Amino acid sequence: MEKTYETVIGLEVHVELATKTKIFCGCSTAFGGEPNTHTCPVCTGMPGSLPVLNKAVLEKAVAVGLATNCNITRKGKFDRKNYFYPDNPQNYQISQLYFPICRDGKVEIEVEGEKKFVRIHEIHMEEDAGKLVHDSFTDTSLVDYNRSGVPLIEIVSEPDMRSAEEVIAYLDKLRLIIQYLGASDCKLNEGSMRADVNLSIREKGSEEFGTRTEMKNLNSFKAIARAIENEKERQIDILESGEKVIQETRRWDDEKGYSYAMRSKEDAQDYRYFPDPDLVPIIVTDEFLDDIKSRQPELRDEKRIRYKDEYSIPEYDIDIITNSKKMADIFEETIALGAEPKKVSNWLMVETMRLMKEHDKDADDLSFSAKNLAKLIDMVDKKVINGSVAKEVFEKIFTDDIEPEKYVEENGLKTVNDEGALTKTIEEIVAANPKSVEDYKSGKEKAIGFLVGQTMKAMKGKADPGEVNRILKEILAK
232 MEKTYETVIG
242 LEVHVELATK
252 TKIFCGCSTA
262 FGGEPNTHTC
272 PVCTGMPGSL
282 PVLNKAVLEK
292 AVAVGLATNC
302 NITRKGKFDR
312 KNYFYPDNPQ
322 NYQISQLYFP
332 ICRDGKVEIE
342 VEGEKKFVRI
352 HEIHMEEDAG
362 KLVHDSFTDT
372 SLVDYNRSGV
382 PLIEIVSEPD
392 MRSAEEVIAY
402 LDKLRLIIQY
412 LGASDCKLNE
422 GSMRADVNLS
432 IREKGSEEFG
442 TRTEMKNLNS
452 FKAIARAIEN
462 EKERQIDILE
472 SGEKVIQETR
482 RWDDEKGYSY
492 AMRSKEDAQD
502 YRYFPDPDLV
512 PIIVTDEFLD
522 DIKSRQPELR
532 DEKRIRYKDE
542 YSIPEYDIDI
552 ITNSKKMADI
562 FEETIALGAE
572 PKKVSNWLMV
582 ETMRLMKEHD
592 KDADDLSFSA
602 KNLAKLIDMV
612 DKKVINGSVA
622 KEVFEKIFTD
632 DIEPEKYVEE
642 NGLKTVNDEG
652 ALTKTIEEIV
662 AANPKSVEDY
672 KSGKEKAIGF
682 LVGQTMKAMK
692 GKADPGEVNR
702 ILKEILAK
C-alpha cells in the first residue's frame with residue numbers, strides 16, 4: 232500500500248517595526264541611505280557603549296501581541312544570543328529567549344471556505360543585524376551597519392499549518408493586522424517582513440513529527456509557496472528512498488527553483504544565551520497595558536463586518552478595499568467628505584485598480600488624497616464634468632494628486648451646458664448623417680449611438696451624454 236504524507240509547517244516571521252529610531256539608540260531606521268551613515272557607537276558594537284530600550288518598540292510589540300490574542304509578559308528582560316558573523320558587530324544579538332514579551336496567541340485563517348486557528352508560540356523583541364554587500368568585481372565583501380539595531384519582532388508559530396495555501400493565508404493575516412496597527416509597513420521586497428519556514432513530513436495519521444528543515448531567503452509570497460512545494464517533494468523523495476532527512480538550515484534560490492544546505496540547524500544551547508547585563512528588566516504596568524488597549528484601531532475583520540452593515544457595496548468590493556489599510560482609509564475619508572459609498576467604491580474598484588495595474592503599483596503605494604477624489608465625484612454629480620472627462624482627470628489625480636477643479640478650469644474641460652449651442656451642433660450632425668437618421672427611424676435603435684458619438688466628438692467630449700441623447704431624440708422625433 233502506497234504511503235501518503237502530511238506536511239507540517241511552522242513559521243518564524245521577522246517584522247521590522249516602524250519606529251523612527253533604532254531599538255537601543257537614537258539612529259534613524261529610514262530605509263536606504265549611504266552605507267554606515269545611520270550608525271553610532273551603540274549599533275556598531277563599540278566597547279563601553281550602553282543600550283537603552285526605545286519605548287515605542289515595546290508599545291508596538293505589545294499592540295501586535297494584543298491583536299493576535301497573546302498573553303503579555305508583565306515582567307520580562309532581554310538576553311544575549313552569542314554568535315560570530317561579520318554583520319553582527321557585537322558578536323552577540325540582543326534578543327529574548329527566557330521571557331518573550333508575548334506568548335500563547337492565535338489567529339484565525341480561512342482557506343477554501345475552511346476556517347482554522349494557527350497558534351502563536353511567542354513574539355519576542357530583538358535587534359536586526361547589519362547587511363553584507365558582496366562585490367563580485369573586486370571579489371570582496373563589505374558591511375553596512377545602517378540596518379544594525381533596527382527593531383524587530385519575531386513571531387513564532389506552532390507547527391499548525393499543513394499547506395502552502397495555509398502559510399500564505401497566515402502571513403497575509405499577520406501582514407494586515409500589523410499594517411492596520413501601524414506597527415510596520417510589512418514590505419517583503421524591502422525586508423521589513425521576512426519569513427523562515429520550518430517544514431517536516433510525516434505519514435498521514437501519525438502523531439510524531441518528522442525531522443524539520445528551516446528555509447531562509449524568502450522575500451515574497453510566491454517564493455514562499457514555491458519553496459514549500461519544493462521542500463515537501465525533496466523530503467518525500469528522501470523518505471521514499473529509505474534515507475533520513477537531516478535537520479539543517481537551507482537557502483532557497485527562487486530564480487533557480489531549488490534550495491541548498493547552508494549549515495546544520497542550531498539549538499538554543501549553541502548560542503549560549505544569558506541575560507543581558509546592560510538592560511534593565513521590562514515591567515509592563517496595568518496603566519501601560521490599558522493605554523495600548525485604548526489605542527488599538529479597528530482591524531480588518533471588524534471593518535469587513537461594519538462595511539457590510541453600513542454601506543451598500545458588494546462583499547467582493549469589501550474584501551478588496553479592506554485588503555489594504557491605505558485603500559480602506561481613502562474609502563472612509565472620501566465618504567466622510569460627503570461622497571456616496573457606492574460611488575467611492577466604484578472609483579476604487581474600477582479606475583484605481585486599472586491604474587494600479589498599468590503603473591505596477593500596490594494598494595499600499597497609493598498616494599492620492601481622499602479630498603481630491605471626493606471633489607471629483609462631486610463635480611460629476613453636479614454635471615460640471617461628464618464621466619469620460621472624469622476618468623481623464625482621475626488619472627492625473629492618481630499620478631500627481633492634482634486639484635481637480637483647478638485642472639478642469641485650466642484645461643477647459645467643463646461640460647458645455649449651453650443648450651442652444653448643443654442643439655445647433657446636433658442639428659448639424661443629423662443633417663450630415665442622413666443614413667444613420669434613416670436607420671434610426673426604421674427601427675434600428677443602435678443607430679443613435681453613432682450620432683451621439685459624432686456629437687461628443689464635435690463637442691470635444693465636453694457634453695453631457697444624457698443631454699445629447701435627449702436632444703437627439705427630440706430632433707429625430709420631428
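The sequence shown begins at 232 in the working numbering and counts up by one. Cβ coordinates follow ideal geometry from the N, Cα and C atoms, glycine included. The structure displayed is predicted, hence computed values, not measured ones.
Item                                                                                                     : Value
Residues bridged to K347 (per DSSP)                                                                      : I340
Proximity below 7 Å, CB of N285 to CB of I254                                                            : yes
Option in Y504, K574, I467 with minimal Cα separation from E434                                          : I467
Where the beta strand (DSSP E) through R311 begins and ends                                              : 310-313
Identity of the residue in I386, S372, D335 nearest M356 by Cα                                           : I386
C-alpha distance - I432 paired with T480, whole-angstrom precision                                       : 16 Å
Touch test, the stretch 304-321 against the stretch 373-384, Cβ-Cβ under 8 Å, three pairs minimum        : yes
Touching by the beta-carbon criterion (3+ pairs, under 8 Å), the stretch 395-402 and the stretch 364-372 : no
Length at least 4, wholly inside the stretch 618-663: the alpha helix (DSSP H) runs in chain order       : 618-631, 635-641, 650-663
Limits of the unbroken beta strand (DSSP E) element including S490                                       : 489-495
Alpha carbon of N450 to alpha carbon of E460, nearest angstrom                                           : 16 Å
M356, DSSP secondary structure in three states                                                           : strand
Counterpart residues of N577 in DSSP-defined beta bridges                                                : In the DSSP output, where bridge partners are listed per residue, N577 has none listed.
I432 in three-state terms, based on DSSP                                                                 : strand
Local Cβ density within 10 Å of P635, reported as buried at 16 or more and exposed below that            : buried
Where the beta strand (DSSP E) containing V374 begins and where it ends                                  : 371-375
Test item: CB-CB of A594 and K557 under 7 Å                                                              : yes
Local conformation of L383 per DSSP, three classes                                                       : strand
Top-ranked residue by Cα proximity to T482, from E471, M446, E464, P390                                  : Note that residue 482 is Arg in the sequence shown here, rather than Thr. With distances taken between Cα atoms, R482 lies closest to M446.
Range covered by the beta strand (DSSP E) that runs through S600                                         : Neither: S600 is in no beta strand (DSSP E) and is coded neither H nor E.
Which residues DSSP lists as bridging E237, in chain order                                               : R433
Opening and closing residue of the alpha helix (DSSP H) in which I477 lies                               : Premise fails: I477 is in no alpha helix (DSSP H) and is neither H nor E.
Cβ-Cβ separation, G296 to Q327 (assumed contact under 8 Å), whole Å                                      : About 12 Å separates the two Cβ atoms, so there is no contact after all.
Member of V293, I240, Q527, T553 whose CA lies at the smallest distance from the CA of Y538              : T553
E445: first and last residue of the uninterrupted beta strand (DSSP E) it sits in                        : 444-447
CA-to-CA distance, D509 to S411, given in whole angstroms                                                : The identity of residue 411 in the sequence shown is Tyr, whereas the question assumes Ser. Each residue's Cα considered, the two are about 34 Å apart.
Straight-line gap, T268 to R393 (C-alpha atoms, nearest Å)                                               : 43 Å
Closest residue to E358 among T260, M493, A694, I240 (Cα-Cα distance)                                    : T260
CB contact flag (I240, L407, <7 Å)                                                                       : no
Simplified DSSP assignment, three categories, for P665                                                   : helix
Residue range of the unbroken beta strand (DSSP E) whose run includes I325                               : 323-326
Rounded separation between R425 and E564 - CA only                                                       : 31 Å
Buried versus exposed call for S437 [16 or more other C-beta atoms within 10 Å across all chains shown]  : exposed
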